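Number of protein chains: 2
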Amino acid sequence: MVRLIFDPKIREMLEPSAVAVIGASSRPGKIGYEVLKNIIEGGFEGDVYPVNPKGGEILGLKVYQSVLKLPKTPELAVVTTPAQAALKVVEECGVKGVKGAVIISAGFSEVGNYDLERRLISIAKSYGVRIIGPNSAGVVNTSLNLYACLEFRVKSGPISLISQSGAIGGVLFAYARASRIGFSKFISCGNSADVDESEVLAYLAGDEGTKVIALYMESVKRGRHLIEVAREASLIKPVIALKGGRSNAGIRAASSHTGSLASSYAVYAGAFRQAGIIQVEFLEDLFNSAKALSTQPPARGDRVAILTNSGGPGVLTTDACESLGLKVPEPSSELKSKLMSILPPICSVRNPIDLTANASYDWYFESLKILLSSREFDGVIVICVPPSFMDSTLAARAVIDARRFYPDKPIIASFLYGDVVEEGVKLLEGNQVPNVSSPRGAAEAMKVLVDYGRIKFGRKFGRRFHG
Amino acid sequence: MVRLIFDPKIREMLEPSAVAVIGASSRPGKIGYEVLKNIIEGGFEGDVYPVNPKGGEILGLKVYQSVLKLPKTPELAVVTTPAQAALKVVEECGVKGVKGAVIISAGFSEVGNYDLERRLISIAKSYGVRIIGPNSAGVVNTSLNLYACLEFRVKSGPISLISQSGAIGGVLFAYARASRIGFSKFISCGNSADVDESEVLAYLAGDEGTKVIALYMESVKRGRHLIEVAREASLIKPVIALKGGRSNAGIRAASSHTGSLASSYAVYAGAFRQAGIIQVEFLEDLFNSAKALSTQPPARGDRVAILTNSGGPGVLTTDACESLGLKVPEPSSELKSKLMSILPPICSVRNPIDLTANASYDWYFESLKILLSSREFDGVIVICVPPSFMDSTLAARAVIDARRFYPDKPIIASFLYGDVVEEGVKLLEGNQVPNVSSPRGAAEAMKVLVDYGRIKFGRKFGRRFHG
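These protein sequence lines are chains A and B, in that order.
First residue of the first sequence? That's -2 in the numbering used here, and the numbers climb one at a time after it.
First residue of the second sequence? That's -2 in the numbering used here, and the numbers climb one at a time after it.
Structure follows, in structure tokens:
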């Protein structure tokens, strides 16, 4: 566990009792106004100090003319001044004893101003002030109602996100709001000039509020170190990553974005594997995977049962599972007989188990119990596309009820019908069953549970992992 | 065009002046009740005749005891009786002179009852009654408000769907409702025992209400014929397909689903290419592609400009474009200068064109005009992830306004922020600009426009197609 040691200042700045917003502005639309507003409206539990040489009052708070004049030393300074001014601000933070600064100001290495960034970090280091950013979109700690960022707020929950893109955080927050799930911490690393992904990862590995760590990254400075930290962290909780900048043009785009050179994708893929980091392919997967991992146990093998009330989505989900390397085997004749004893002959029991459009609560509930208790399957995807006369909450209720008997086997729901299944999905997600509304997405969510099973139960298939 | 000839009975049954629902039931939850209810509540413009030997009245309509006793000969009979009873029903339809029957009843080849299906078709053929199904989920023709199916209704629009899965239709309808787009026709072919995809495709190719034909298929009986029809059809309007049953287990699943053997995926992929059918990979792509093709012109080459206000999503969209075979080239120095003359230095103009979080209406509008008018790009993806102080309708308005000047170059919007961009997306989609809310999805939607450009402008890259 020695590798999970991190600078305690990281914790102090992410769990502050007071925050200064430097470059606070009274003009809506300015970053120094919007961040302050977000912190206030988010209901931050500690003290908030706007700082601006002009003084006065913003959003009902007294404005201090400099960090040096603050009545108390905040652990965190959020810097929104122009890039040039940030250097002096950081120096004053050092003098005052601030633990760390999140520099939202842009105009550093990402636009070629390498020297300015070096000087910023050198000043910070000389005072022992830790820097997140520059070019960060801010930080969030929902357990303190701290929203020191420009993103719309999200409720408290089990996922923490480390991101080299602020907007990716915003998009995942939007997915989360639509999915009734929440986030614990969000750290936008920006140019990662000082505090980098590895250090934040080490902090989150030990953070009680964080059940799953999601990572969006385009480049890494200390790759070896990240691998070492991730190897430890991933034994404690799942770490999933989406790599941006995989194609030639994507690498060029990434270099304009965070000012560092992205390496070849193959190198990353290998490193992620070595580090126990579960890699996902698409942005929506990063969220769906985090959702799945935050509520479901890891799978002990890769054999998936698909229970459905409609053929087409069953076929597509089967295709998606196999293309992701999962198995969708036919049940043994014993298991088939068991299923056939509770289902009418119109149902297919060859996997997908197709309950047809006549599926009832009982068919879902009874077959799900059989599948969850069977040693032939390691996880179940439950599809529901209700015909007009079926209430999706019946199928949802069947899933929730069956799951109670067998909480150790993962379930992914795939209720596919948008507005029609809204109530069913609400019920599922309110009861810790993740719903992923596309066949490929559902397969991918199951795959990460299998991946995490591999990591958790021995980093390779062992006797207890059926692969 | 000789290959696009089809039995005129297909048109008559899909554009009927009267419909009989045979096996009509007064019990909610029964298919014979729900289909009738859907037809009545959908507001079908013609006559509706429930048929049931018991007679009486259902949902306010007089029930006839047999098809033979109907006051007028309907063009379409919708059959919801048990499988065995369907044979006699079809015979009576033949005697009465009904043009065609949609057999929703299941229990034929899909569960191994091949002989029953053969007898059904043989009776139908002897009377010249055309059969859609059996095991069909029904048919929809929104221009007549005809919803002879179990799926929830959808508004009228440019997309028609031929599907071997009823549920896939239902799921696409749900996507459409969420996206303010509509469908023209939906034909669920079920087991395709008589009328098959080829015939419906030939009909839709000439159907004025259909601008784009989407196809979900698991298997095909007359592959050569389908290719021939599709080659003609795809020159008139885009034909896109999703193939279900690609993996070994998926093929097994498909055979349980529609009772026919799916062939190898490679064979299909080759045939689709030959036929000018644009193939998509995932279910959500089938909808997004149809949406894109129904509103945007085909692209005249594969060079994509990406205009964004946030780095991460720009990087991911670039990756997705390249992985799909599209090019995301850096602009020439002339074009860069042009962009730089209207944008501040903080913006990157290397493609993605990154307007940063400070993006305004003007920046979007002016750079989009430059990109749309440039000969260096064949299409533009416009990304917007608005910071908390930006109204997404501003960016949407900029897209709509710029597009007016250059309607011949395709645009895909990718406003990524769920609830936050709802108003902007409404504005875009109300003005014929499709929004696809994931980087990969947006790239895929652009790719089908490039694919269709290839088909439309010469089936291969010509001088006017930059590839």
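Yeah, the Cβ is synthetic: ideal placement off N, Cα and C, and Gly gets one too.
Only a predicted model underlies this, so the values are computations on that prediction, with no experimental measurement involved.
Margin query: Judging by CA-CA distance, which residue of B/Ser411, B/Ile233, B/Phe269 and B/Val382 is the nearest neighbour of B/Ala302?
Written below: Indexing the second sequence from 1 puts residue 302 of chain B at position 305. The shortest Cα separation from B/Ala302 among B/Ser411, B/Ile233, B/Phe269 and B/Val382 belongs to B/Ser411.
Item checked: Three-state secondary structure (DSSP) of A/Val382 -> Taking the first residue of the first sequence as position 1, residue 382 of chain A is located at position 385. DSSP places A/Val382 in coil when its eight states are reduced to three.
Notebook entry, point to check: Any Cβ of chain B within less than 9 Å of the Cβ of A/Leu239?
Noted result: In the first sequence, the residue the question calls residue 239 of chain A occupies position 242. Yes, because at least one Cβ of chain B sits closer than 9 Å to the Cβ of A/Leu239.
Next item on the list: With a 10 Å radius around its C-beta and 16 neighbouring C-beta atoms as the bar for buried, classify A/Ile129 as buried or exposed.
Entry: As a first step, residue 129 of chain A must be located in the first sequence, where it is residue number 132. A/Ile129 is buried by the Cβ-count criterion.
Item checked: Min CB distance B/Val433 to chain A below 9 Å -> As a first step, residue 433 of chain B is located in the second sequence; it is residue number 436 there, counting from the start. So, not an interface residue.
Next item on the list: Below 7 Å between beta carbons is the criterion; list the residues of the stretch 266 to 281 of chain A that meet it against any residue of chain B, in chain order.
Entry: Phe279, Leu280 and Glu281
Next item on the list: Step through the CB atoms of chain A and report whether any lies within less than 9 Å of the CB of B/Ala251.
Entry: In the second sequence, counting from the first residue as 1, residue 251 of chain B sits at position 254. Yes - at least one Cβ of chain A is within 9 Å of the one on B/Ala251.
Next item on the list: Check whether the stretch 10 to 25 of chain B touches the stretch 60 to 76 of chain B, taking contact to mean three or more Cβ pairs, one atom from each stretch, closer than 8 Å.
Entry: yes
Note to self: Counting only beta-carbon separations shorter than 9 Å, does A/Gln161 have a partner in chain B?
What the structure shows: Within the first sequence, residue 161 of chain A is the residue found at index 164, counting from 1. Yes, its Cβ sits closer than 9 Å to a Cβ of chain B.
Next item on the list: Determine which residues of the stretch 332 to 347 of chain A have a Cβ less than 8 Å from any Cβ of chain B, and write them out in chain order.
Entry: Pro342, Ile343, Ser345 and Arg347
Check: Using a Cβ-Cβ cut-off of 8 Å (strictly less than) and excluding sequence neighbours within five positions of B/Gly179, which residues of its own chain qualify?
Finding: If you number the second sequence from 1, residue 179 of chain B lands on position 182. Around B/Gly179: Thr139, Val151, Lys152, Ser153, Gly154, Pro155, Ile156 and Ala173.
Next item on the list: Answer yes or no: does any C-beta atom of chain B fall closer than 9 Å to that of A/Tyr414?
Entry: Numbered from 1 along the first sequence, position 417 holds the residue referred to as residue 414 of chain A. At least one chain B Cβ lies under 9 Å of A/Tyr414.
Next item on the list: Confirm, please, whether the CB-CB distance from B/Asn432 to B/Ile409 is below 9 Å.
Entry: Sequence index remark: in the second sequence, residue 409 of chain B carries index 412 (1-based). Sequence index remark: in the second sequence, residue 432 of chain B carries index 435 (1-based). It is a contact, given that the beta carbons lie within the stated cut-off.
Item checked: Proximal chain A residues relative to B/Gly322, where beta-carbon distance stays under 9 Å -> Along the second sequence, read from residue 1 onward, the residue named residue 322 of chain B stands at position 325. What B/Gly322 touches in chain A: nothing, since even the nearest Cβ is about 11 Å away.
Next item on the list: Leaving aside the five residues before and after A/Glu72 along the sequence, list all residues of the same chain whose C-beta is less than 6 Å from its C-beta, in chain order.
Entry: On the first sequence, position 75 is the one that residue 72 of chain A refers to. Counting only Cβ-Cβ distances below 6 Å, and skipping sequence neighbours, we find Glu9, Met10, Pro13 and Lys96.
Note to self: Quick check on A/Arg8: does DSSP put it in helix, strand or coil?
What the structure shows: Residue mapping note: residue 8 of chain A aligns to position 11 of the first sequence, counting from 1. Of the three classes helix, strand and coil, the one that applies to A/Arg8 here is helix, per DSSP.
Margin query: I'd like to know if the stretch 93 to 113 of chain A and the stretch 177 to 193 of chain A are in contact, where contact means that at least 3 CB-CB pairs between them fall below 8 Å.
Written below: yes
Check: Who pairs with A/Cys146 in a beta bridge, going by DSSP?
Finding: As a first step, residue 146 of chain A must be located in the first sequence, where it is residue number 149. Answer by DSSP bridge pairing, in chain order: A/Gly135.
Check: How would you list, in chain order, the residues of chain A whose beta-carbon sits under 9 Å from the beta-carbon of B/Glu215?
Finding: In the second sequence, residue 215 of chain B corresponds to position 218, counting from 1. Here the neighbours are Gly308, Gly309 and Val312.
Checklist line | Bridge partners - B/Met214, DSSP secondary structure assignment | finding: Translated into positions along the second sequence, residue 214 of chain B becomes position 217. Its beta-bridge partners are B/Lys240.
Item checked: Between the CA atoms of B/Cys318 and B/Thr390 - distance to the nearest angstrom -> Within the second sequence, numbered from 1, the residue matching residue 390 of chain B stands at position 393. Within the second sequence, numbered from 1, the residue matching residue 318 of chain B stands at position 321. Answer to the nearest angstrom: the Cα atoms are 26 Å apart.
Item checked: Burial state of B/Gly427, where buried means 16 or more other Cβ atoms lie within 10 Å -> By one-based count along the second sequence, residue 427 of chain B stands at place 430. By the neighbour-count rule (16 or more Cβ atoms within 10 Å), B/Gly427 is not buried but exposed.
Checklist line | Alpha-carbon to alpha-carbon, A/Val447 and A/Phe362 | finding: As a position in the first sequence, residue 362 of chain A is number 365, starting the count at 1. As a position in the first sequence, residue 447 of chain A is number 450, starting the count at 1. Using only the alpha carbons, I get a separation of about 24 Å.
Checklist line | Contact set for A/Val30: own chain, Cβ-Cβ below 6 Å, skip 5 residues either direction | finding: Taking the first residue of the first sequence as 1, we reach residue 30 of chain A at position 33. Per the sequence shown, the amino acid found at residue 30 of chain A is Tyr instead of Val. These residues qualify, in order along the chain: Ser22 and Arg24.
Note to self: Quick check on the burial criterion: 16 or more other C-beta atoms within 10 angstroms. Buried or exposed for A/Gly459?
What the structure shows: Stepping through the first sequence from its first residue, residue 459 of chain A is reached at position 462. Model confidence at A/Gly459 stands at a pLDDT of 45, short of 50, so the residue's coordinates are unreliable and nothing is read from them.
Notebook entry, point to check: DSSP state of A/Lys96, grouped into three classes?
Noted result: Counted from its first residue, the first sequence places residue 96 of chain A at position 99. Here A/Lys96 sits in coil by DSSP.
Checklist line | Other residues of its chain near B/Tyr358: CB distance less than 6 Å, five sequence neighbours each side excluded | finding: Here residue 358 of chain B is taken as the residue at index 361 of the second sequence, counted from 1. Taken in chain order, the residues that qualify are Leu391 and Ala395.
Note to self: Rounded to whole angstroms, what is the Cα-Cα separation between A/Val209 and A/Lys182?
What the structure shows: The count along the first sequence starts at 1 and reaches residue 209 of chain A at position 212. The count along the first sequence starts at 1 and reaches residue 182 of chain A at position 185. Taking the straight line from one Cα to the other gives about 10 Å.
Next item on the list: Can you tell me which of B/Ser102, B/Lys122 and B/Ala121 puts its alpha carbon nearest to the alpha carbon of B/Gly135?
Entry: Translated into the one-based positions of the second sequence, residue 135 of chain B becomes position 138. Selected option, being the one with the closest Cα: B/Ser102.
Check: In chain B, which residues lie less than 8 Å from A/Glu373 when you measure between Cβ atoms?
Finding: To locate residue 373 of chain A, count along the first sequence from 1; it is residue 376. Per Cβ cutoff of 8 Å: no residues; A/Glu373 is ~14 Å from chain B at best.
Item checked: CB of B/Met443 within 9 Å of CB of B/Ala296, strictly -> Here residue 443 of chain B corresponds to residue number 446 of the second sequence, with the count starting at 1. Here residue 296 of chain B corresponds to residue number 299 of the second sequence, with the count starting at 1. Yes, the Cβ-Cβ distance between B/Met443 and B/Ala296 is below 9 Å.
Notebook entry, point to check: What is the DSSP secondary structure of B/Lys457, counted as helix, strand or coil?
Noted result: On the second sequence, position 460 is the one that residue 457 of chain B refers to. Note that B/Lys457 scores 48 on pLDDT, short of 50, meaning its location in the model is unreliable and no value can be drawn from it.
Margin query: So, under 8 Å CB-CB, A/Ile250 and B/Val312 are touching, yes? Tell me the CB distance rounded to an integer number of Å.
Written below: Residue 250 of chain A sits at position 253 when you count from the first residue of the first sequence. Residue 312 of chain B sits at position 315 when you count from the first residue of the second sequence. In the sequence under discussion, the amino acid at residue 250 of chain A is Ala, which differs from the Ile named in the question. The Cβ separation is near 5 Å, so the contact holds.
Margin query: Please report the distance separating the alpha-carbon of A/Val(-1) from that of B/Ser307.
Written below: Stepping through the first sequence from its first residue, residue -1 of chain A is reached at position 2. Stepping through the second sequence from its first residue, residue 307 of chain B is reached at position 310. Note on A/Val(-1): pLDDT 49, under 50, position unreliable in the model; the coordinate value appears next. Roughly 37 Å separates the two Cα atoms.
Margin query: Contact criterion: CB-CB distance below 9 Å. Does A/Ser385 meet it with respect to chain B?
Written below: One-based indexing of the first sequence puts residue 385 of chain A at position 388. Answer yes: the Cβ-Cβ gap between A/Ser385 and chain B drops below 9 Å somewhere.
Checklist line | Within chain B, partners of A/Ser244 - CB distance below 7 Å | finding: Here residue 244 of chain A refers to the residue found at position 247 when the first sequence is read from its first residue. Result: Thr315, Asp316, Glu319 and Ser320.
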